[in-house]
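Chains as they are written, first to last, in the UniProt record's numbering: chain A, 1 to 724; chain B, 1 to 153. Built from N, CA and C at the ideal position, the CB exists for glycine as well. Just so it is clear, the structure is predicted and the values come from calculations on it, not from any experiment.
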Amino acid sequence: MNAQPQLSRRRFVVGSAAAIGGLSLGFHLPFSSEALAQGAPAAAPEVNAWVVVKPDETVVIRVARSEMGQGTLTGLAQLVAEELECDWSRVTTEFPGPSENLKRSRVWGNFSTGGSRGIRESEQLVRQGGAAARQMLITAAAQQWQVPAAECRAQKGVITHAASGRSTTFGAVATAAAKVPPPGAITLKDPKDWTIAGKPLPRLDTKDKLTGKQIYGADLNFPGMLNAAVKASPYFGGKIASFDADAIKDKPGVRKVVKLDDATVAVVADTWWHAKTALDALPITWDEGPHKALDSAAIAATLAEGLEAQDAFVGNSAGDAKGTLAKAAKTVTATYAYPFQNHATMEPMNATALFTDGRCEVWAPTQNGEASLAAAAEAAGLPPAQCEVHKLLLGGGFGRRGFQDYVRQAVLVAKQFPGTHVKLLWSREEDMLQGFYHPITQAKLTGSLDEQGNLTALHMRISGQSIMAFVRPEAMAGGMDPVVFQGLTPKSPEGMLGYSIPNILIDHAMRNPPVRPGFWRGVNLNQNAVYVECFMDELAHAAGIEPLAFRRKLMANHPKHLAVLNAAAERIGWDTPPPKGVARGCAQIMGFGSYVAAAAEVSVENGELKILRIVAATDPGHVVNPAQVERQVEGSFSYGLSASLYGECTVAGGRMEQENFDSYDVVHMHQMPKVETIAMPSGGFWGGVGEPTIAVAAPAVLNALFALTGKRIRTLPLKNHSLA
Amino acid sequence: MPRLNVNGQVREVDVDPDTPLLWVLREQLALTGTKFGCGIAMCGACTVHIDGVPTRSCGLPISAVEEAQKIVTIEGLSPDGSHPVQKAWLALDVPQCGYCQSGMIMAAASLLEQNPKPTDEIINQEITNICRCGTYNKVRAAIHMAAERGNAG
Numbered sequence: 001m002n003a004q005p006q007l008s009r010r011r012f013v014v015g016s017a018a019a020i021g022g023l024s025l026g027f028h029l030p031f032s033s034e035a036l037a038q039g040a041p042a043a044a045p046e047v048n049a050w051v052v053v054k055p056d057e058t059v060v061i062r063v064a065r066s067e068m069g070q071g072t073l074t075g076l077a078q079l080v081a082e083e084l085e086c087d088w089s090r091v092t093t094e095f096p097g098p099s100e101n102l103k104r105s106r107v108w109g110n111f112s113t114g115g116s117r118g119i120r121e122s123e124q125l126v127r128q129g130g131a132a133a134r135q136m137l138i139t140a141a142a143q144q145w146q147v148p149a150a151e152c153r154a155q156k157g158v159i160t161h162a163a164s165g166r167s168t169t170f171g172a173v174a175t176a177a178a179k180v181p182p183p184g185a186i187t188l189k190d191p192k193d194w195t196i197a198g199k200p201l202p203r204l205d206t207k208d209k210l211t212g213k214q215i216y217g218a219d220l221n222f223p224g225m226l227n228a229a230v231k232a233s234p235y236f237g238g239k240i241a242s243f244d245a246d247a248i249k250d251k252p253g254v255r256k257v258v259k260l261d262d263a264t265v266a267v268v269a270d271t272w273w274h275a276k277t278a279l280d281a282l283p284i285t286w287d288e289g290p291h292k293a294l295d296s297a298a299i300a301a302t303l304a305e306g307l308e309a310q311d312a313f314v315g316n317s318a319g320d321a322k323g324t325l326a327k328a329a330k331t332v333t334a335t336y337a338y339p340f341q342n343h344a345t346m347e348p349m350n351a352t353a354l355f356t357d358g359r360c361e362v363w364a365p366t367q368n369g370e371a372s373l374a375a376a377a378e379a380a381g382l383p384p385a386q387c388e389v390h391k392l393l394l395g396g397g398f399g400r401r402g403f404q405d406y407v408r409q410a411v412l413v414a415k416q417f418p419g420t421h422v423k424l425l426w427s428r429e430e431d432m433l434q435g436f437y438h439p440i441t442q443a444k445l446t447g448s449l450d451e452q453g454n455l456t457a458l459h460m461r462i463s464g465q466s467i468m469a470f471v472r473p474e475a476m477a478g479g480m481d482p483v484v485f486q487g488l489t490p491k492s493p494e495g496m497l498g499y500s501i502p503n504i505l506i507d508h509a510m511r512n513p514p515v516r517p518g519f520w521r522g523v524n525l526n527q528n529a530v531y532v533e534c535f536m537d538e539l540a541h542a543a544g545i546e547p548l549a550f551r552r553k554l555m556a557n558h559p560k561h562l563a564v565l566n567a568a569a570e571r572i573g574w575d576t577p578p579p580k581g582v583a584r585g586c587a588q589i590m591g592f593g594s595y596v597a598a599a600a601e602v603s604v605e606n607g608e609l610k611i612l613r614i615v616a617a618t619d620p621g622h623v624v625n626p627a628q629v630e631r632q633v634e635g636s637f638s639y640g641l642s643a644s645l646y647g648e649c650t651v652a653g654g655r656m657e658q659e660n661f662d663s664y665d666v667v668h669m670h671q672m673p674k675v676e677t678i679a680m681p682s683g684g685f686w687g688g689v690g691e692p693t694i695a696v697a698a699p700a701v702l703n704a705l706f707a708l709t710g711k712r713i714r715t716l717p718l719k720n721h722s723l724a
Numbered sequence: 001m002p003r004l005n006v007n008g009q010v011r012e013v014d015v016d017p018d019t020p021l022l023w024v025l026r027e028q029l030a031l032t033g034t035k036f037g038c039g040i041a042m043c044g045a046c047t048v049h050i051d052g053v054p055t056r057s058c059g060l061p062i063s064a065v066e067e068a069q070k071i072v073t074i075e076g077l078s079p080d081g082s083h084p085v086q087k088a089w090l091a092l093d094v095p096q097c098g099y100c101q102s103g104m105i106m107a108a109a110s111l112l113e114q115n116p117k118p119t120d121e122i123i124n125q126e127i128t129n130i131c132r133c134g135t136y137n138k139v140r141a142a143i144h145m146a147a148e149r150g151n152a153g
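If you want it as structure tokens, here you go:
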């Protein structure tokens, strides 16, 4: 009767043979510990760093960026396959190891997966990788046939020499191709000739997600593995005063109570449930630290002071905004606020580590394998070359898994148990309390209108938190955080303001409460779009001009911004009157290199907002997989609406108040509107897709709500306002 | 020792009776397809069927489950991913990160057992699982597709 359970104790549940061969679609361990130790690459010879062709014609494409649901794995494989001219039905993928990347002079480039950069910043590198591999395969065939390579071509994994009627396959010449010197000059295909890229191909990582076979970090199991639950001080800047390990030492399965640092304690047990319940029972006295009186009201007051402060960093300035406003006959002023948010990935933070004499291995869902490697090496006290990170598919990332605190913790615990795998998994409560929160800001906007309703000047004062000051102070420009001005800058391929305003000043009074901020999907574009796009609506109404027409007047010099706005407005039927009890709103912004707009239709029933339709238009320059773009747009609305309708982390007594989904609500099925996506790539640039649309969700809906009710929501989230 | 009927097999498990079913499935029976999301039965990632009823296993102590009750997890929904819901999910390429999808699929399969042709309103009411990637519209469409095609799909 008890035969089955031992199975998991004897072998690694995913099936180690499949994993080591890198063959399993769902679980990629291309460089297993054994292979690394022997210095051996994957079983089949690689043509180059990006492409392995096996004798059975399977094409393994290496993907350096992380897959967290955004579809980058499939998109990058499409770009390689397009240039490679392989048979897409034979494509599989694997993640190269970060340590391997270092050993090979970072041949795979940057592993960091954030800022909607996964595809746009690696498209050149991976397309060249695919093209080079194709040329090497063709050269190998041509050498065998003793014909000029230029007379041969490759298609769907088959190389042909038309003149002699000969043909062969990639698999047959792969070993020879691996010895061909890489080509000097590489010409990439014109995107208009694409047959694999640009197509709405199904994802490569779906199947195992439907049967429970997909192994996420939280699911890992190794023979003899121990489990760790962890608790860090919930108080900002707090520490552990004391804990009583003896009180739980006899609890079932408990092996050890480990103090990881001044603020963090872990309980290690045979199962995670034992570790978690023992940790919950562990008497801990916290030293609440220097901020124990901090609350949301105090933070809001600090930010409000910044709205009026003399000193501020200037992110956009032209003409004389302050002078024009001072003399203007008609001005409009409004103050907005955006709260802290938690990423709330579905899979809580976790990592598994194995520390042995002189070596450390980590298995982690991470948005940046190289940062994980650095964190692991530092925690292990070993050089990175003696460490490796095995990347897993992420159960959500949204920016949270770019931070490596959970990797560090796992390694620190594993050091206490040399030779034994230790899986460290956070509870949801730990995940909510140990966030890198969406930064908190306020903005005061003042605009002046002339008699024709033209916007003559705009001053936008942002007050609040800087992510970069906390995360990468070395990247600050003279104390200024340029990322604060996402979507608001005068000239930037990343995100320029889409309005021409003769006198403009956008500045930032940095106010950093002692709450750690982080990159939260959409980053600062989220609140900047709410501030600018809702205020544009306010100005339009003050000018007595219809909001879309008001915007268009200011957008003549911004044709790409205008094109997406027009497309969204046209699709929603802006020029036709909405049904009774329904109103429309729109918004546009540029961010992460892409132009996005949204138009929403809303109603209010029984005091509750109903979003009936929402249309998105996006111009990311190029689209690698239209089906994934559509999913990212839908996901962006879900994420953006979760934040604007419900999302808010509040501070009381020097810590966050929300600990789980009962107090941190998000959009569910019944609140998810119908989404219509217009992808309109105009070519000539590469923009991101995963994030920008989030920013236009809230302002489009809030502007529609104003059109319907006359109620202007300036402080998010909406749940704090009555619509009755 | 407590005995549980999981995916058609009676399994004996050596755990404290107040251990939640989720952790028995994941840590004793190595059935990790059922996910841990919140621990308070709010997110639905841990949804399994108990006698056909969709049940959030993270808050359910195994002492509350009788041996006679049939527990089905995502691993036992079909032998090979051929359940109509799984087929519709594949056809519409529903998952993004995929972490919530075991629970979504189990909730959807159970809904279709009770209501073979659910309307949007019923789907909205019955599927209360959380997805942070935002697959809701694809989930809704796939439920309709599974209802339409049934085993023929």
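{"query": "Chain-ordered chain B contacts of residue 727/A [CB-CB under 7 angstroms]", "result": "Since the displayed chain A opens at 1 and closes at 724, residue 727/A lies outside it and no answer follows."}
{"query": "Contact belief for residue 22/B with residue 71/B at Cβ below 8 angstroms, rounded distance in angstroms", "result": "Not a contact, Cβ separation roughly 11 angstroms."}
{"query": "Beta-carbon spacing of residue 620/A, residue 675/A below 7 angstroms", "result": "no"}
{"query": "Rounded Cβ spacing between residue 544/A and residue 453/A (contact assumed at less than 8 angstroms)", "result": "6 angstroms"}
{"query": "Listed by chain order, chain A residues near residue 37/B by CB distance under 9 angstroms", "result": "346, 347, 348, 395, 428, 661"}
{"query": "Chain-ordered neighbours of residue 161/A on chain B, where CB pairs are closer than 7 angstroms", "result": "None at all; the shortest Cβ gap to chain B is about 38 angstroms."}
{"query": "Ordered list of beta strand (DSSP E) runs contained in the stretch 446-531 of chain A, each at least 3 residues", "result": "455-464, 503-510"}
{"query": "Straight-line Cα distance separating residue 483/A from residue 131/B", "result": "29 angstroms"}
{"query": "Residues that residue 693/A bridges to, as DSSP identifies them", "result": "Residue 693/A pairs with nothing; no bridge assigned."}
{"query": "Chain A within 7 angstroms of residue 115/B, Cβ atoms only", "result": "no"}
{"query": "N-terminal and C-terminal residue of the beta strand (DSSP E) that residue 611/A is part of", "result": "608-619"}
{"query": "Assigned exposure category for residue 606/A - 16 Cβ within 10 Å defines buried", "result": "exposed"}
{"query": "Under the three-state DSSP convention, the category residue 107/A falls into", "result": "coil"}
{"query": "Beta carbon proximity, residue 704/A to chain B, threshold 7 angstroms", "result": "no"}
{"query": "Top-ranked residue by Cα proximity to residue 241/A, from 224/A, 253/A, 250/A, 259/A", "result": "259/A"}
{"query": "Closer than 7 angstroms at the beta carbon, the chain A residues around residue 124/B", "result": "669, 670"}
{"query": "Close-in-space but distant-in-sequence residues of the same chain around residue 306/A (CB under 6 angstroms, 5 per side omitted)", "result": "463, 509, 511"}
{"query": "Proximity of residue 170/A and residue 362/A at Cβ, strictly below 7 angstroms", "result": "no"}
{"query": "Within-7 angstroms CB hit, residue 273/A to chain B", "result": "yes"}
{"query": "Listed by chain order, chain A residues near residue 57/B by CB distance under 8 angstroms", "result": "In chain order: nothing, as chain A lies at least about 12 angstroms away."}
{"query": "Test: residue 401/A CB closer than 7 angstroms to a CB of chain B", "result": "no"}
{"query": "Residue 220/A beta carbon less than 7 angstroms from that of residue 423/A", "result": "yes"}
{"query": "Straight-line Cα distance separating residue 149/A from residue 141/A", "result": "8 angstroms"}
{"query": "Reduced DSSP category for residue 95/A - H, G, I as helix; E, B as strand; rest coil", "result": "coil"}
{"query": "Contact residues within the stretch 88-122 of chain B, judged by C-beta distance below 7 angstroms to chain A", "result": "89, 90, 93, 95, 96, 97, 98, 99, 100, 101, 102, 105"}
{"query": "is_contact[residue 33/B, chain A] using C-beta, thresh 7 angstroms", "result": "yes"}
{"query": "Residue 538/A: CB within 6 angstroms of a non-hydrogen atom of the ligand MG", "result": "Of ligands this structure carries none, so the ligand MG is not represented either."}
{"query": "Contact set between the stretch 55-84 of chain A and chain B, restricted to residues whose Cβ is under 9 angstroms from the partner", "result": "67, 68, 69, 70, 71"}
{"query": "Interface partners of residue 27/B on chain A, CB under 7 angstroms", "result": "271, 272, 273"}
{"query": "is_contact[residue 145/B, chain A] using C-beta, thresh 7 angstroms", "result": "no"}
{"query": "Helix, strand or coil at residue 357/A according to DSSP, with G and I counted as helix", "result": "coil"}
{"query": "Within chain A, partners of residue 46/B - CB distance below 7 angstroms", "result": "The contacting residues do not exist; residue 46/B stays about 11 angstroms from chain A at best."}
{"query": "Short-range partners of chain B found in the stretch 637-653 of chain A, where Cβ spacing is below 7 angstroms", "result": "637, 638, 639"}
{"query": "DSSP bridge partner residues for residue 586/A (one or two, in chain order)", "result": "599/A"}
{"query": "Cα-Cα separation, residue 53/B to residue 71/A", "result": "33 angstroms"}
{"query": "Rounded straight-line distance, which links the Cα of residue 695/A to that of residue 683/A", "result": "23 angstroms"}
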